[in-house]
Ligand code: CTP
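Numbering (the working numbering), first residue to last: 1 to 397.
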């Protein structure tokens, strides 16, 4: 795992070179960032030496002027340890006035914070309110401070969690999808009318990308098949990315991967039709009055006799349904037609153009699970976790 360790100002910052050393021994790669104040407690050179990486102290000193954004792609998790009251206040209020607060504001992957401060500062109502906001609204996982003697001679809660506790927390889920092979499809396909014009579906690829990130950060291996997307996903070196254009190419890529797939997650929006004729040369507009369409294969249906025994198929259904019953009818019919094991359904109005979604997952045996409005990232977490559970059950049959 590639860990971005952000060190802020608490006396316990002196422990962070040791934390880096312990994480490196477990095979993790560490990039450190340290605030100006924390440099009174721990040396930049110590962190640099232990991590074998350049330490971020000021975004304006970085060679890459967009490092605070690009660090998202270079790392898998953000760990703020120790997190002082100041950084907690800044993050909870969206303030970006130094390297760490700016990086945190732009960070989209898994985020942890391990607070450390004097008991009164920890129990201060403003700190508690900010901590709650970070957990509930900004999706940070808290690594609770511990009780005991403090450096300031007070006794109480506020000590940085033991380094072993921090490591256990950030690595506990690390490998839960290890040894499971996923194929994920994402984005829209295109069908060409001529070299300049095409028809397509409306799909950003965000759900497929969130699903990939959830899998990779938990040790799963994936083939990621991507059509037209608005995402900029960094693929892990263990994984494979296949870029496709048309529905036929997507179908070929999916079928080629089936021998090597335990769970197929079909989040892509393949175009159902293609022009009967695709012209080699640009057609003059006066010659293009109508386009005859022919139907493409249904990719999921075509996997029926080709997938290996035990492969789990996850389908999606975004519908313009008005009621929950209407959504259920469309989704269950689709799941059965496509021979999928489960289908993730949502109403289009709940998802398009939003960072949130409201999904219901239907299963072949009539079970279903409805969720409240969740961020697309949380939806991805639920979908992958349920799919893995169902896949494991399928192996028992
Ligand atoms: N899908 C597929 N092959 C296609 C079209 C869609 O495998 N040619 C998959 C999608 O990736 C998705 C699921 O089928 O997982 C549902 O897609 P959707 O477009 O809603 O299904 P359609 O069968 O095209 O139904 P509709 O009539 O609603 O367009």
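Where a beta carbon is used, it is the ideal one built from N, C-alpha and C, also for glycine. Values in this document were obtained by computation on a predicted structure and should not be read as measured data.
Look at residue 379 here: in three-state DSSP terms it is helix. For the pair residue 388 and residue 345, the Cα-to-Cα distance works out to about 18 Å. Annotation for residue 133: the continuous alpha helix (DSSP H) segment containing it runs 125-136. For ligand 1, no non-hydrogen atom lies closer than 7 Å to the CB of residue 345. Residue 374 is bridged by DSSP to 357. Between residue 172 and residue 82, the beta carbon gap of about 20 Å keeps them out of contact (Cβ cut-off 8 Å).
The nearest non-hydrogen atom of ligand 1 is 7 Å or more from the C-beta of residue 41. Residue pairing by DSSP places residue 269 opposite 188 in a beta bridge. Ranked by how close their Cα comes to the Cα of residue 191, the residues 200, 218, 184 have 200 in first place.
The shortest C-alpha to C-alpha distance from residue 158 to any of 164, 140, 217, 120 is the one to 120.
In this structure, residue 272 has its beta carbon less than 7 Å from a heavy atom of ligand 1. Taking 7 Å as the cut-off, the C-beta of residue 362 does not count as close to any heavy atom of ligand 1.
Looking at the DSSP output, residue 77 bridges to 3, 110. Put simply, the backbone Cα of residue 376 is about 30 Å away from that of residue 27. According to the DSSP assignment, residue 142 belongs to the beta strand (DSSP E) that extends over 140-142. The beta carbon of residue 146 is closer than 6 Å to those of 159, 161 in its chain, skipping five residues each way along the sequence.
Residue 299 has its Cβ nearer than 7 Å to a heavy atom of ligand 1. Contact annotation: residue 109 and residue 76 have beta-carbon atoms nearer than 8 Å. Between the segment 327-336 and the segment 273-286 there are fewer than three inter-stretch CB-CB distances shorter than 8 Å, so the stretches are not counted as touching. In terms of Cα proximity to residue 91, the closest of 67, 135, 383 is 135. Under the Cβ criterion (8 Å, minimum of three pairs), the segment 219-230 does not count as touching the segment 296-312. The Cβ-Cβ distance between residue 183 and residue 143 does not fall below 8 Å.
Ligand 1 approaches residue 266 closely enough that one of its heavy atoms is under 7 Å from the residue's Cβ.
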